[in-house]
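S.K.: Could you have a look at this structure, given as structure tokens, before my questions?
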Amino acid sequence: MSKKQIYIQVTYVEPYFDTSELQHRPTHFDRNYNLKRFMYASPFTMDTNRAHGSLPEQYKRKTILTVERAFPYVKTRTGIIDRERLILSPIEVAIEDLQKKTDELRAAIQQEPADPKILQMVIQGCISTAVNQGPLEVANIFLNPIMNGLELPNIHHNRLRLCFKEFTRRLAEALKRNKTLIHADQREYQKDLENKFTKFTESLQPLLSACKQTAIIETTLTNNKRNKRRYQLVTLGSFVK
Numbered sequence: 001m002s003k004k005q006i007y008i009q010v011t012y013v014e015p016y017f018d019t020s021e022l023q024h025r026p027t028h029f030d031r032n033y034n035l036k037r038f039m040y041a042s043p044f045t046m047d048t049n050r051a052h053g054s055l056p057e058q059y060k061r062k063t064i065l066t067v068e069r070a071f072p073y074v075k076t077r078t079g080i081i082d083r084e085r086l087i088l089s090p091i092e093v094a095i096e097d098l099q100k101k102t103d104e105l106r107a108a109i110q111q112e113p114a115d116p117k118i119l120q121m122v123i124q125g126c127i128s129t130a131v132n133q134g135p136l137e138v139a140n141i142f143l144n145p146i147m148n149g150l151e152l153p154n155i156h157h158n159r160l161r162l163c164f165k166e167f168t169r170r171l172a173e174a175l176k177r178n179k180t181l182i183h184a185d186q187r188e189y190q191k192d193l194e195n196k197f198t199k200f201t202e203s204l205q206p207l208l209s210a211c212k213q214t215a216i217i218e219t220t221l222t223n224n225k226r227n228k229r230r231y232q233l234v235t236l237g238s239f240v241k
């Protein structure tokens, strides 16, 4: 880019809500009316100039814009009065992607009238072994070091574990829903999907169990240290008296 020129970036933005705001906007109407904050995301890698990298390298920058007038508005544009940037680490990017896949499954399951093609496409994208950076690869990259004792779990590992539990539950619901929609000529296809799901859960379960058990052990050790420290303080206080 030339420093002598001014560049304009045209990008897609979507409404942004934090957790507390979502609680006050429960309906579809609430989440599409009186909007003042919008967000767009930019993928990047730390050590290279590439926007996209492997799972452990992939970061995401979220830019949250606050505008002067709430949308919908009589004009199609308004000024920006505040800008905030959030950086998501690779595991946070993976969590967000997994949550989106779970939302896609939920939407496909609840769609009325049901669309078998959409449902099957979503299922296939979730459990296909041909997807190099699919859910199972995410679990291997971020949870395998914990299972092998190379890392201790943190809050993001636990969030990822819980996301996988919800994802697996929705995937099972999707397969059950698809079974009621297929015709006789798709029974083999359904069986193949179910076999892939079984292999997926069998590969995933040890990773999730290791993460949960390690988290419990770490929490117990932390509580023991706190109790011991509290006991020492109480003893010292009694001694001073």
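Heads up, the sequence shown is in the UniProt record's numbering, so the first residue is 1 and it goes up one at a time.
Glycine included, each C-beta is placed from N, C-alpha and C at the ideal position.
Note that this is a predicted model, so its numbers are computed, not measured.
#1: According to DSSP, is Glu-57 part of a helix, a strand, or is it coil?
#2: Keeping to the same chain, check which residues put their C-beta closer than 6 Å to that of Ala-108; ignore five residues upstream and five downstream.
#3: In the DSSP assignment, the beta strand (DSSP E) including Lys-36 goes from what residue to what residue?
#4: Give the straight-line distance between the Cα atoms of Arg-37 and Glu-92, rounded to the nearest whole angstrom.
#5: Can you tell me where the beta strand (DSSP E) with Glu-84 in it begins and where it stops?
#6: Over what stretch of residues does the alpha helix (DSSP H) that includes Val-138 continue unbroken?
#7: With 7 Å as the threshold, decide whether the Cβ of Val-74 is near any Cβ in chain D.
#8: How should Leu-207 be labelled, buried or exposed, when 16 other C-beta atoms within 10 angstroms of its C-beta is the threshold for buried?
#9: Which partner residues of Lys-62 appear in the DSSP bridge assignment?
#10: Between Ile-182, Ala-94, Met-46 and Leu-193, which has its C-alpha nearest Pro-116's C-alpha?
#11: Less than 7 Å between the C-beta atoms of Arg-170 and Arg-106, yes or no?
#12: Compute the Euclidean distance between the alpha carbons of Tyr-7 and Tyr-189, then round it to the nearest angstrom.
#13: Of the choices Ile-81, Leu-65 and Leu-55, whose alpha-carbon is the least far from that of Ala-136?
#14: Leaving out the 5 sequence neighbours to the left and right, which residues in its chain are closer than 8 Å to Ala-210 when beta-carbon positions are compared?
M.R.: Reading from the atomic positions:
#1: Residue numbering aside, residue 57 sits at position 57 when the sequence shown is read from its first letter. Reduced to three states, the DSSP call for Glu-57 is helix.
#2: Reading the sequence shown from its first residue, position 108 is the one you call residue 108. Ile-118, Leu-119 and Val-122, listed in sequence order.
#3: The residue given as residue 36 occupies position 36 in the sequence shown. Where Lys-36 is concerned, the enclosing beta strand (DSSP E) stretches over 35-45.
#4: Reading the sequence shown from its first residue, position 37 is the one you call residue 37. Reading the sequence shown from its first residue, position 92 is the one you call residue 92. Approximately 21 Å between the Cα atoms of the pair.
#5: Translated into the one-based positions of the sequence shown, residue 84 becomes position 84. Per DSSP, Glu-84 belongs to the beta strand (DSSP E) from 80-88.
#6: By 1-based counting over the sequence shown, the position of residue 138 is 138. Where Val-138 is concerned, the enclosing alpha helix (DSSP H) stretches over 135-147.
#7: Considering every chain present, this structure includes no chain D. It has just one protein chain.
#8: In the sequence shown, the residue the question calls residue 207 occupies position 207. Its Cβ being crowded by 16 or more others within 10 Å, Leu-207 is buried.
#9: Within the sequence shown, numbered from 1, the residue matching residue 62 stands at position 62. Looking at the DSSP assignment, Lys-62 forms a beta bridge with Ala-41 and Leu-86.
#10: Here residue 116 refers to the residue found at position 116 when the sequence shown is read from its first residue. Checked all of Ile-182, Ala-94, Met-46 and Leu-193; the closest Cα to Pro-116 is Ile-182.
#11: On the sequence shown, residue 170 is found 170 positions in, with the first residue counted as 1. On the sequence shown, residue 106 is found 106 positions in, with the first residue counted as 1. Contact: yes.
#12: Numbered from 1 along the sequence shown, position 7 holds the residue referred to as residue 7. Numbered from 1 along the sequence shown, position 189 holds the residue referred to as residue 189. Those two C-alpha atoms are separated by around 50 Å.
#13: Taking the first residue of the sequence shown as position 1, residue 136 is located at position 136. The residue asked about is misnamed: residue 136 is Leu in this sequence, not Ala. Of the listed residues, the one whose Cα sits closest to Leu-136 is Leu-55.
#14: For this step, residue 210 is matched to residue 210 along the sequence shown. Result list for Ala-210: Leu-143, Ile-146 and Met-147, in chain order.
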